[in-house]
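Below: the structure, in structure tokens.
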Amino acid sequence: MIADIQTMMWKEWKEILLQGGRRGQWNLLITIGVFGMFMPWQFGAAWVTSPMSLIYWAWVPLFMVTVVIADAFAGERERHTLETLLASRLSDRAILFGKVAAGVSYGWGLAMVSMLLGLVTVNVLHGRGHLVLYSPGVGVGIVVLSLLSAILAASAGVLISLRASTVRQAQQTLSLAIMALLFVPIFGAQALPSQMRDHLATTLATAGASKIALLVMAALLILDMALMSAAIARFQRARLILD
Amino acid sequence: MSDSAVYMENLTRDFGAAHVVDDLSLTVPKGTVFGFLGPNGAGKTTTIRLLLGLLEPTRGRAEVLGFDTRTQADEIRCRAGALLEHSGLYERLSAEGNLAFYGRIAHLSKAQCATRIQELLTHLGLWERRKETVGTWSRGMKQKLAVARAMLHHPGILFLDEPTAGLDPVASATLRDDLLALVEHEGVTVFLTTHNLVEAEKLCGLVGVIRQGRLLAVGPPNELRTGRGASRAEIVGHGFDAEALALLRARPEVTGVEQQNGRLLIDLRGEAEVAPLVRLLVCAGGAVEEVRKGHASLDEVFLSLMKEETP
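Sequence order for the protein chains is A and B.
Residue numbers are given in this note's numbering: position 113 of the first sequence equals residue 113, and the series is strictly consecutive.
Residue numbers are given in this note's numbering: position 26 of the second sequence equals residue 269, and the series is strictly consecutive.
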């Protein structure tokens, strides 16, 4: 099973890297350059020391996975490779997990590379003789949060891609879903009665950043598990053939 | 059943009210190249999907290489190679990359995979172009590569769904020859669907004719031709007037007469002799230049079956 998942990941990675030819590879380097060099250079030491770093490192893999994951099944369907893949000896789980793992490793991997490069950039340009590092709590938080958000985007993307008939349709639906995920809590909080909103603000202020981060991680973990379960339930060979 | 590569017993698949595959019972012995003939929408592709366990039958059952399609589909897919409706190749990858992916799926070692890729691509004349991106290839080359992919892991059975569809006559003939050589070399059972009767006649040792999901006839192409088509005479000449044709039609051994560009096509009952008919034509004032006698082609058998079954 593990070998089959790796095989699926190998193929997905090859396709991701070959997507768009040389331009696609340049886009990849530009993305790393923006998050690993340009932004740390602009933000200075705050890029590392600010607790806000937790938020943007949770967002970066979400954005990166979204770019590639819509292709997972909708792309195979659109390019008429899905039926041959389904007629192979690969199990349902190996195909599904391989595609999710490829998306996660791409988004999370790039986020981690960019984060480490950002750390080097900040120290070289803004270090002033001191070593600027993430606090252990923030460092662990970034690693875990970005992983959970990458899994969220990958599992949501695969679920949407399983249903979509074209890559474009999958990308549009996934973008809407991610936007909803980001904006519904904000607008939801705005819509609360002022008394409740004040109470929520006080609770969050007194809870502290680490408790809030843990709460967000728990929520993401539950969401990830729910979406993966839905994708597993939706992945049926006969249904995919007839779709 | 142990000697059969494919065994179907009342196999049925419905989509809503439509019986796409309707009560199919058929046995394909191991080592046979079986041709499944039928017009578009006859149920050929659905039958392959049922045999690969990609769809479940509504009724009946089927076995492939002794494994039940409903409960042991994974075992079947491990042992089968498939070239389905589309070539299923990853166009961004090279030919070698495509085969390497399916080699990894089949758990071939790197060395085994490399040797097998070289063997197949050399056989199919694609070895020199193995590094090229498949997206730039012609359809004929893609189909050849898809055949190589299907045979990569030495399958016990090969499912080919209209492998020459959309190819020009030259590419079709090349693929057919390559396929035949490869199949003979590897001794694999082939389950081939086609509506190309020349292809069926050249490749297949056994053919089945399907229409609207029902099996109409099954047997070796020769038997089907002799069994169904009785014999036919073709007489080339001139001066065959209406009176001569009427005399011919009146003969008890003649079932039909058709005139085409100075040729007479005469359908005969059983193995009737042609000499008395030639004599009759000459006596009626006709000039006979050439006489040929043979059986109906598979094409004609197929068409007659289609006509018989048309509601």
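All residues carry an ideal CB built from backbone N, CA and C; glycine is no exception.
Rounded straight-line distance, which links the Cα of residue j to that of residue i
i, j, result
"residue 208 of chain A", "residue 35 of chain A", "27 Å"
"residue 68 of chain A", "residue 16 of chain A", "7 Å"
"residue 502 of chain B", "residue 516 of chain B", "19 Å"
"residue 319 of chain B", "residue 293 of chain B", "11 Å"
"residue 61 of chain A", "residue 345 of chain B", "30 Å"
"residue 278 of chain B", "residue 403 of chain B", "9 Å"
"residue 405 of chain B", "residue 438 of chain B", "7 Å"
"residue 434 of chain B", "residue 526 of chain B", "52 Å"
"residue 10 of chain A", "residue 422 of chain B", "30 Å"
"residue 340 of chain B", "residue 87 of chain A", "19 Å"
"residue 148 of chain A", "residue 229 of chain A", "15 Å"
"residue 140 of chain A", "residue 309 of chain B", "54 Å"
"residue 64 of chain A", "residue 419 of chain B", "46 Å"
"residue 348 of chain B", "residue 289 of chain B", "24 Å"
"residue 180 of chain A", "residue 170 of chain A", "15 Å"
"residue 57 of chain A", "residue 145 of chain A", "8 Å"
"residue 192 of chain A", "residue 200 of chain A", "10 Å"
"residue 353 of chain B", "residue 182 of chain A", "45 Å"
"residue 522 of chain B", "residue 247 of chain B", "51 Å"
"residue 212 of chain A", "residue 204 of chain A", "7 Å"
"residue 75 of chain A", "residue 164 of chain A", "9 Å"
"residue 454 of chain B", "residue 80 of chain A", "26 Å"
"residue 190 of chain A", "residue 113 of chain A", "36 Å"
"residue 269 of chain B", "residue 306 of chain B", "11 Å"
"residue 195 of chain A", "residue 202 of chain A", "11 Å"
"residue 271 of chain B", "residue 150 of chain A", "49 Å"
"residue 298 of chain B", "residue 266 of chain B", "16 Å"
"residue 124 of chain A", "residue 8 of chain A", "39 Å"
DSSP-derived helix/strand/coil call for residue i
i, result
"residue 535 of chain B", "strand"
"residue 250 of chain B", "strand"
"residue 476 of chain B", "strand"
"residue 23 of chain A", "helix"
"residue 643 of chain B", "Past the edges of chain B, shown from 244 to 554, lies residue 643 of chain B, and the structure says nothing about it."
"residue 506 of chain B", "strand"
"residue 127 of chain A", "coil"
"residue 371 of chain B", "helix"
"residue 257 of chain B", "strand"
"residue 90 of chain A", "coil"
"residue 530 of chain B", "strand"
"residue 43 of chain A", "helix"
"residue 495 of chain B", "coil"
"residue 302 of chain B", "strand"
"residue 143 of chain A", "helix"
"residue 268 of chain B", "strand"
"residue 199 of chain A", "helix"
"residue 516 of chain B", "coil"
"residue 511 of chain B", "strand"
"residue 500 of chain B", "strand"
Beta-carbon proximity check, residue i vs residue j, cutoff 7 Å
i, j, result
"residue 224 of chain A", "residue 152 of chain A", "yes"
"residue 303 of chain B", "residue 252 of chain B", "yes"
"residue 143 of chain A", "residue 40 of chain A", "no"
"residue 73 of chain A", "residue 161 of chain A", "yes"
"residue 383 of chain B", "residue 408 of chain B", "no"
"residue 374 of chain B", "residue 337 of chain B", "yes"
"residue 541 of chain B", "residue 275 of chain B", "no"
"residue 432 of chain B", "residue 400 of chain B", "yes"
"residue 531 of chain B", "residue 462 of chain B", "no"
"residue 520 of chain B", "residue 487 of chain B", "no"
"residue 451 of chain B", "residue 264 of chain B", "no"
"residue 31 of chain A", "residue 174 of chain A", "no"
"residue 483 of chain B", "residue 507 of chain B", "yes"
"residue 327 of chain B", "residue 84 of chain A", "yes"
Residue-chain proximity (residue i, chain D), Cβ-Cβ < 7 Å
i, result
"residue 366 of chain B", "Judged by its chain identifiers, the structure shown contains no chain D, and its protein chains are A and B."
query = Is the stretch 322-342 of chain B in contact with the stretch 387-400 of chain B, if contact means three or more CB pairs nearer than 8 Å?
reply = yes
request  = Give a yes or no on contact between the stretch 102-122 of chain A and the stretch 218-238 of chain A, applying the rule of three or more CB pairs nearer than 8 Å.
outcome  = no
task = Scan the stretch 305-333 of chain B and note each continuous alpha helix (DSSP H) run of 4 residues or more that stays entirely inside, going in chain order.
result = 316-322
key: Cβ contact check for the stretch 505-520 of chain B and the stretch 488-496 of chain B: 3 or more pairs under 8 Å   = yes
Contiguous alpha helix (DSSP H) assignments of at least 4 residues, all confined to the stretch 151-197 of chain A = 167-191
Any 3 or more C-beta pairs closer than 8 Å across the stretch 253-262 of chain B and the stretch 419-429 of chain B = no
message = I'd like to know if the stretch 272-286 of chain B and the stretch 321-329 of chain B are in contact, where contact means that at least 3 CB-CB pairs between them fall below 8 Å.
response = no
inquiry  = Using 8 Å as the cut-off, can you tell me whether the stretch 124-134 of chain A makes contact with the stretch 46-65 of chain A, which would need three or more C-beta pairs spanning the two stretches below that distance?
reply    = yes
At least 3 beta-carbon pairs within less than 8 Å: the stretch 12-32 of chain A vs the stretch 90-102 of chain A = yes
task = Report the residue ranges of all beta strand (DSSP E) runs contained in full by the stretch 366-415 of chain B; include only those spanning at least 3 residues, in chain order.
result = 400-404
key: Unbroken stretches of the beta strand (DSSP E), 3 residues or longer, contained in the stretch 407-468 of chain B   = 432-437, 449-454, 457-462
ask   = Enumerated in chain order, which unbroken segments of the alpha helix (DSSP H) with a length of 4 residues or greater are wholly contained in the stretch 54-81 of chain A?
value = 71-78
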